[in-house]
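A.B. asks: Residue numbers (numbering that gives the first Met the number 0): 0 to 192.
Supplied in C-alpha cells, the structure appears directly below.
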Amino acid sequence: MSKADNVWWTRKAKIENEARLLKYDFHGQILLLWYSFFSVAMSILTLNESSFLKSIIQNGEVDAKLLVVFSVLSLFVSTFVISQNFKERAAKIKFCYEQLKILYVKLIDNENINDIEKKLFEEYENILKSCENHLEKDYITAKVNLFLSVKDKNKVNPHPTGYDFLRFYCNKITFLVIILFIYLFPILILFFI
Numbered sequence: 000m001s002k003a004d005n006v007w008w009t010r011k012a013k014i015e016n017e018a019r020l021l022k023y024d025f026h027g028q029i030l031l032l033w034y035s036f037f038s039v040a041m042s043i044l045t046l047n048e049s050s051f052l053k054s055i056i057q058n059g060e061v062d063a064k065l066l067v068v069f070s071v072l073s074l075f076v077s078t079f080v081i082s083q084n085f086k087e088r089a090a091k092i093k094f095c096y097e098q099l100k101i102l103y104v105k106l107i108d109n110e111n112i113n114d115i116e117k118k119l120f121e122e123y124e125n126i127l128k129s130c131e132n133h134l135e136k137d138y139i140t141a142k143v144n145l146f147l148s149v150k151d152k153n154k155v156n157p158h159p160t161g162y163d164f165l166r167f168y169c170n171k172i173t174f175l176v177i178i179l180f181i182y183l184f185p186i187l188i189l190f191f192i
C-alpha cells in the first residue's frame, strides 16, 4: 500500500470515527431526555399513587425507593454523557480528517519525489497526533462500507475479508442490542423491582 493510500484509508477510518462519536452523542442526548422524562413521570405517578403503576409493580406497593433509583439513574447517565465529550471529540476528528484530505492531495501530486513524500509523511504523523486515534472497528466499517457502495469491487484495495464482514455485522448488532437495553432499562426496572 502506498503512503497516499495509507493516508486515504486513515481519513476514511476517521470519518467513520466521527460518525460513531456523533451517533453516541445523539443517543446520549436522547437518553438524558428519556431518563429525565421517566423520572418525572414516575414522580407524578407515585404522588398520585397510580393504580396503573401499582398494577405494573409486582408487589403492588409504590415506593419512594423507585424514585431514588430513577434519580440516580438519570444522574449517572447525565454525568457519563457529559464526561465523554462526544461532540467535541468528533469536531477534533473532523478537523483531522480534513487535514488528511489536503495531505492526500499533496502526496498524490508528489508521489514519485522521495524527499517531499518523506516530509509529507512526517506531516501525516503530526496530523494524527492532533486527535485521538480511531478504533479498529472504524477502519473495518470504512472498508466494508466502501466495498458495499462501489459498483466495481475490484477497485477496492484492500478488500474486506470474511472476518471483516463478520466483525462489521457483529459490531452493528452489538450496538443495537446495547442501545435497546439502555433505552428499555427504566421500563425493565419497573417490572423487576
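Where is the CB? At the ideal position from N, CA and C, for every residue including glycine.
I need the boundaries of the alpha helix (DSSP H) containing residue 113, first residue and last residue.
C.D. replies: Here the alpha helix (DSSP H) through residue 113 covers 113 to 128.
A.B. asks: Does the beta-carbon distance from residue 69 to residue 35 come in below 7 Å?
C.D. replies: Between residue 69 and residue 35, the CB-CB gap reaches or exceeds 7 Å.
A.B. asks: Residue range of the alpha helix (DSSP H) that residue 5 falls in?
C.D. replies: For residue 5, the uninterrupted alpha helix (DSSP H) run begins and ends at 2 to 46, by DSSP.
A.B. asks: Can you list, in chain order, the residues of its chain whose CB lies under 8 Å from that of residue 184, leaving out five sequence neighbours each side?
C.D. replies: Counting only residues of its own chain and dropping the five nearest sequence neighbours on each side, residue 184 has a CB closer than 8 Å to the CB of 72.
A.B. asks: According to DSSP, is residue 109 part of a helix, a strand, or is it coil?
C.D. replies: coil
A.B. asks: Kindly say whether residue 114, judged by its beta-carbon, lies nearer than 7 Å to any beta-carbon of chain D.
C.D. replies: Here there is only one protein chain, and chain D is not present.
A.B. asks: Quick one: using the 10 Å Cβ neighbour count with 16 as the cut-off for buried, is residue 92 buried or exposed?
C.D. replies: buried
A.B. asks: Can you tell which of 133, 116, 31, 117 has its C-alpha closest to the C-alpha of residue 95?
C.D. replies: 133
A.B. asks: Just to confirm, are residue 82 and residue 31 a CB contact at a threshold of 7 Å?
C.D. replies: no
A.B. asks: Where does residue 135 land, buried or exposed, given buried means 16+ other C-beta within 10 angstroms?
C.D. replies: exposed
A.B. asks: So, for residue 99: in the same chain, excluding its five sequence neighbours on each side, which residues have a beta-carbon less than 7 Å away from its beta-carbon?
C.D. replies: 6, 9, 10, 13, 126
A.B. asks: Going by the CB atoms, is the gap between residue 145 and residue 89 shorter than 7 Å?
C.D. replies: no
A.B. asks: Does residue 130 pass the burial test, meaning 16 or more other C-beta atoms within 10 Å, or should it be called exposed?
C.D. replies: buried
A.B. asks: Check whether the Cβ atoms of residue 45 and residue 66 lie closer than 7 Å to each other.
C.D. replies: yes
A.B. asks: Within its chain, find whatever has a CB closer than 8 Å to the CB of residue 141; leave out the 5 residues flanking it on each side and keep chain order.
C.D. replies: 8, 11, 12, 14, 15
A.B. asks: If you draw a straight line from the alpha carbon of residue 152 to that of residue 162, how long is it in whole angstroms?
C.D. replies: 17 Å
A.B. asks: Go ahead and pull the three-state DSSP assignment for residue 144.
C.D. replies: For residue 144, the secondary structure class from DSSP, reduced to helix, strand or coil, is helix.
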